[in-house]
Every structure is written in structure tokens, then in C-alpha cells.
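With the first letter of the sequence shown counted as 1, position 228 gets the number 228 in full-length UniProt numbering; the numbers rise by one all the way through.
From the three backbone atoms N, C-alpha and C, an ideal C-beta is built for every residue, glycine too.
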Amino acid sequence: MSFKSWNSYMQFSCSVRNKSRYILDEDSQSFLQGIKDTCESRVEVIEPNSEMWRAQMGHDSLPLLQDDIHVDDIFIPYPEKRMRPLPDSASEGRANSKGIPCLYVASEKETAMSEIRPWLGSIISVARFTNSKELRVIDFSRHHNDKLPFYLSEPDEAKRIEAVWTNVDKAFSQPVTNSDQKSDYAPTQIIAELVKSLGYDGIAFRSSLGRGHNVALFNLNSVTFKDSSLFRVNDVQFSFESSNDERYI
1 MSFKSWNSYM QFSCSVRNKS RYILDEDSQS FLQGIKDTCE SRVEVIEPNS
51 EMWRAQMGHD SLPLLQDDIH VDDIFIPYPE KRMRPLPDSA SEGRANSKGI
101 PCLYVASEKE TAMSEIRPWL GSIISVARFT NSKELRVIDF SRHHNDKLPF
151 YLSEPDEAKR IEAVWTNVDK AFSQPVTNSD QKSDYAPTQI IAELVKSLGY
201 DGIAFRSSLG RGHNVALFNL NSVTFKDSSL FRVNDVQFSF ESSNDERYI
């Protein structure tokens, strides 16, 4: 089974955000079946001993003593426990619901740091992880840079599948803001949970803030903590382009 429409993801997203989330209607179930039937072609393997990175704002401190007098503090990176998600009190994200932990890491340390949106001068703890076994993840990044499709009539099956996956890829990489409604997470959370139920180790999606990929791992112990380091933010760059609609000017 494929997708009923090139617009199936948008219909699914609207349904689980605004209508029914825990008891899915027939169209939503059909959409997830389409994901299940077509995701195998998107499997990527993370080879053993690959480096992955996770960043947290802040640091620990140790007292600097001279003649038993506290004269200063030494900044040190957070330990492993602080650099992993809480197993019984997880906040929600693109790939996990509140209370269900998921380990978010990045393919590059710069991407990991960018994802936490640090401010100029802030100090960041960055942990390095590696995997001992190969990890099979579903890649939600292939159409990250593609334009969103639009059809006046239903295209053939191949274009329909490509259109749906383009919308799904865009949804996973969409920047998160503090003003986002929690219901906005529901569509990608449900898709990620489906991927988890199929036995995959996680999902990968493009970062909207860096050049690398984000990886959400379902098993918190699928990677091993190696070490952590401190970084200070020296520069924050923005790039802008005109977005005026010529039809209005």
C-alpha cells in the first residue's frame, strides 16, 4: 500500500493535531501504513565507532584552593549523567512524547551546539559518544532542501510518494521555537514511534541550524559516553534575504 494522496502528510498532521491523536481515524492509519511500506528504502546504517555529539548549556565548577582558601572556581564540563536525558522525566521533542526518553545527538559537534541556540559568550558542555554496534536509522533528510510540492490533480505513485516524504522531511527539520504549541510535535512523534515499533534504532533528520544531521536514538544505551569538553560561543552569525512578495509591492 502506498499513500492515498500527495497531500497525505498534511491531512495526517491536521488530524492528529486538531481532531484525534490516540485513536486514529482510518485515513491516519492508512498514512502510517504508507510510511511503513515505503520507509525501508530510507534505511541508513551508522557504522560502529562513529562519533556523535550532544550539547548542553552550562558547566560544572570545582573550587580552586590556595592554602585551603577558596580563591576561584574552575569550570569543567558536565559529567555523563548530566549529558544524558533523564530516563524517568523526559521532556518532549520532535521524536518523543513527554515522559518517553529519547537520546538526541548530532553528527557534528558544531551542529549539536547550534541546536541549543546559545547566546554570545555562553559556555557549553559538549559530550562525545560512540556506538559499539551498527545502528539502523530511517533517514528523514533526503528532501530537506527540496521545494514543497503542489499538484492540482493526483500524480502517479512515484511522485505521490516523493511528495509525501518531502513534507515529512520538512516537518522533522522545521525549527522549534518556545512559542510552538505542544500539539505541533504530535505528527512527527507518532511517525517516530511507528519507526521505533518496526525495530529501527532511531531516526536521522537535517538540522535547520547547522550543516550536519540530528539523530534521535530510541535506546538511551545504544551509544557509549567517551568524554566531554567545554566550548565558549565567540560568534553568532545570521544571514538574511528579501522575502517581499512582488505581487504586493
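Every unbroken alpha helix (DSSP H) inside the UniProt domain "RES" (79-229) [4 residues or more]: 80-83, 109-115, 157-173, 186-197
- prompt: Ends of the alpha helix (DSSP H) at Asp73?
  reply: No alpha helix (DSSP H) contains Asp73, which is instead part of the beta strand (DSSP E) from 69-76.
- prompt: Per DSSP, what kind of secondary structure is Ser61 in: helix, strand or coil?
  reply: strand
- prompt: What residues match up with Val43 in a beta bridge as DSSP calls it?
  reply: Ile138
field: Per-residue DSSP class, three states only, for Gln237
entry: coil
Identity of the residues DSSP links to Glu26 by a beta bridge: Paired residues: none, contrary to the question.
- prompt: Should Ile124 and Met113 be called a contact, given that it needs their Cβ atoms to be closer than 7 Å?
  reply: yes
message: Just list the residues that DSSP pairs Gln56 with in beta bridges.
response: Ser125
- request: Taking Tyr185 as the reference, give the member of Ser2, Trp6, Pro101, Arg17 with the closest Cα.
  value: Arg17
Member of Ala216, Met57, Val223 whose CA lies at the smallest distance from the CA of Glu92: Ala216
message: Can you tell me where the alpha helix (DSSP H) holding Asn18 begins and where it ends?
response: 8-18
message: Quick check on Phe3: does DSSP put it in helix, strand or coil?
response: coil
message: Ala90 and Ala192 - do their beta-carbons sit closer together than 7 Å?
response: no
message: If contact is defined by three or more beta carbon pairs under 8 Å, each pair taking one atom from either stretch, is the segment 77-84 in contact with the segment 191-208?
response: no
task: On a CA-only basis, which of Asp68, Gly121, Ile76 is nearest Asn234? Give me that one, please.
output: Gly121
task: In angstroms with no decimal places, state the Cα-to-Cα distance between Pro118 and Cys102.
output: 22 Å
query: Do the segment 166-176 and the segment 137-152 touch if we need at least three Cβ pairs shorter than 8 Å?
result: yes
- request: Would you check if the distance between the CB atom of Val71 and the CB atom of Leu62 is smaller than 7 Å?
  value: no
8 Å contact criterion, which Pro85 and Leu220 should meet: CB distance rounded: 7 Å
message: For a quick check, are the C-beta atoms of Tyr9 and Asn167 less than 7 Å apart?
response: yes
Nearest candidate by alpha-carbon position, reference Ser222, set Thr130, Asn244, Gly34, Glu154: Thr130
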